[in-house]
Each structure stands twice: as structure tokens, then as C-alpha cells.
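Using my numbering, you'd call the opening residue of the sequence shown number 269 and step up by one each time.
We put the beta carbon where it would ideally sit given N, CA and C, even for glycine.
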Amino acid sequence: MATQSSRLAARLMVAPSVIVLFIWMIVPLAMTIYYSFRLYRLISPDRTGWAGFRNYIWFVNAPEFWLALSNTLLLVGGVLVITIVLGTLIALLIDQPVWGQGPLRILVISPFFVMPPVAASIWENLFMHPQNGMFASFAQGLGVEPILFMENYPMASVIFIVAWEWLPFATLILLTALQSLSSEQLEAAEMDGASAVSRFRYIILPHMTRAITVVILIQTIFLLGIFGEIFTTTQGGPGSASTTLPYMIFKQAIAAKDIGRAAAGGIIAVILANIVAYFLMRGIGRHLDA
């Protein structure tokens, strides 16, 4: 049992790293909060002073705010559904003993190592381009008009690209959980006459619940900040059809040169992300303790 002195020594040893981590997080957050209450536009540096809550009020009342918020939630939800469903199916597939199983698994997880702007550029130019893309070539071969993905279906295209990037992560986590399942349970169920669907529903899926929970929690945290794919492909358009909350903040900071409003949007995004994380932890986080 640890004594009082040993616990004190342990705290003293970890204190420097905790302090550095605290400073690393609190300084940018404090500066963002500070500038969110200031008048700070790079194109008119002479106009300064305290803005109060005007930056927050402007950001919430902006015409594209609620569209950006709904697009953000749509992006997160769409990617989660695609990656969990396909990740489960792919994990079940590559868990089977087949020739070349090792290289196959490496190929499956390889898209996760492609940088987001590169992946988005590949999909936009090599696959979804209305003239030179692979999908356009297939459409022309069938005698139909090519689909204008980025113009007519911008949000769906971004969701597909992001899902392709995150599918290997979900597959890897779910495959790890699947490999920890005892084969004796499946063999016993099969001997008792249980069908493949019943084995999946009552044995495999409950066993993978914790892994699915981990995938949802981790991916949600990162998906709320998706930016590179939108900037590379649609740039928030057409109009604001594919503008998300992070991209709306970017437009205020870079295009409008309004650091105060962008900082206010950043704080709003942090608050909304914490609300989402809270309900996620309350709703599905309990499975981690099961």
C-alpha cells in the first residue's frame, strides 16, 4: 500500500509535465477568450476596444450559422454511420482465414495514413471530376450524364471522403475486438443450430459494443474539427451548402480578417463540442465500464 510520502513523491514527479500541459492548453484558450470580447479586425487596426458580447451575438445571428451547425452534425453522424457499418463488415471479412491475410489487412488500413488534403484532392480529381474522373468515365461509357458531385452533392461528397479516411481506424479497432472473441462460443452456438445472423446478433455484436463505443467517442472528437477536406474540395460551397462550423470560423479569420468574431466562433465551437461530448459520455460512455 502506498504511503503518504510515496504518494507525495509521485505527485511531485508528475507535476512538471502536468504544469506544462496545463500551460499548453490554457494559454491559447485564454487568448481566444480575450480576443472574442475585443474589436480586432486586421483590415482596420485603428478600430480597437472592447466589444462585449457583440462578436458572439453576430456569430450566432449570422445567416449561415445554423446551416454550418447542422452541416457539422450531419458530417459527424454520416461518417459515424458509414465507418461503423462498413468497418464491422470489413472486420468480419478480413478476420476469416484467407491467403494473403497480412498484406490484405495492411491495404485496408493504409488510407488512414494519407493526409486529409491529399486524400480529398485524390477523390476530387481522380474519381469525382465531372470530365476526367473515373466515375465520369463510367457514366460516359453507360451513355448517361456524369454526376457533378461537388456542385450538386457537396456535403455528401465530403462525408464520403472523410468516411473513406476514417474507415481504416474503425476497422482496426473493431477487428481487434473481434479477434478477442472466444471461438468456443461461436462453435457452441453453431453446434446448437444458431444461424450466422443469430450468432452475429447475440454473440458478436454484444461483444463489439465497447469497441464501437470507443470508435464513436474518438471519431466524434476529431470529426467536429474537420477542415482540410472541405478547404481542398468545396471550400464551403456552393454558397454555404458545405460550410461547417470550423470552416465558418476560418472564413471569418482569413477572408473577413475579423479575429474577434472568429475567436467568438471558436469559443462557441468549444462549448458545443463539450456539450456533445457530455451527452456522448452520458449516453454511451457507460459501456466502457460494462
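- DSSP places Arg322 in the helix class (H, G or I) of the three-state scheme.
- The region 310–357 contains, as complete alpha helix (DSSP H) runs of 4+ residues, the segments 322–329 (chain order).
- Contact check for Met418 and Thr502: beta-carbon distance about 5 Å, within the 8 Å limit, so the pair qualifies.
- Taking every protein chain shown into account, the CB of Thr351 has 16 or more other CB atoms within 10 angstroms, so this residue is buried.
- Beta bridge pairing from DSSP links Asp460 with no other residue.
- By the C-beta density criterion, Asn329 is exposed, having fewer than 16 other C-beta atoms within 10 angstroms.
- By the Cβ-count criterion, Pro514 is buried, with 16 or more other Cβ atoms from all chains shown falling within 10 Å of its own Cβ.
- For the options Ile429, Leu276, Ser304, the alpha carbon positioned closest to that of Thr316 is the one of Ser304.
- By the Cβ criterion, the region 355–367 is in contact with the region 441–455, since at least three pairs of Cβ atoms, one from each stretch, lie closer than 8 Å.
- In the DSSP assignment, Asn420 falls within the unbroken alpha helix (DSSP H) covering 417–420.
- Exclusion of the five residues before and after Val347 leaves Ile427, Val430, Ala431, Trp434, Gln487, Leu491 as the residues of its chain whose Cβ lies within less than 8 Å of its Cβ.
- When beta bridges are read from the DSSP output, Arg306 appears opposite Trp318.
- Cβ-Cβ separation between Ala521 and Ala530: approximately 4 Å, consistent with a contact (criterion under 8 Å).
- Residue range 369–377 is occupied by the alpha helix (DSSP H) that includes Ile377.
- Asp526 is bridged by DSSP to Arg309.
- Around the C-beta of Ser378, fewer than 16 other C-beta atoms lie within 10 Å, and the residue is accordingly described as exposed.
- Take Phe321, set aside five residues on each side of it, and the residues of its chain with a beta-carbon closer than 8 Å to its own are Phe305, in chain order.
- With a contact defined as Cβ atoms closer than 8 Å, Met396 and Ser425 qualify at about 6 Å.
- Ranked by how close their Cα comes to the Cα of Met423, the residues Ala541, Phe290, Pro506 have Pro506 in first place.
- In the structure shown, Gly505 falls within a coil segment according to DSSP collapsed to helix, strand and coil.
- Per the coordinates, the alpha-carbon of Ala359 lies some 55 Å from the alpha-carbon of Ser312.
- Counted as a single uninterrupted DSSP element, the alpha helix (DSSP H) harbouring Pro514 occupies residues 513–518.
- Judged by beta-carbon spacing, Glu332 lies within the 7 Å limit of Thr511, meaning their Cβ atoms are closer than that value.
- Under the three-state reduction of DSSP output, Gln364 falls in the coil class, being neither helix nor strand.
- Here Gly528 is near Leu307, since their CB atoms are less than 7 Å apart.
- In this model, Leu548 and Ile484 are separated by some 9 Å (Cα to Cα).
- For the pair Glu452 and Pro284, the Cα-to-Cα distance works out to about 49 Å.
- Here Ala298 is exposed: its Cβ has fewer than 16 other Cβ atoms, across all protein chains shown, within 10 Å.
- A residue is called buried once 16 or more other Cβ atoms fall within 10 Å of its Cβ, and Gly461, having fewer, is exposed.
- By the Cβ neighbour-count rule, Ile291 is exposed, with fewer than 16 other Cβ atoms within 10 Å of its own.
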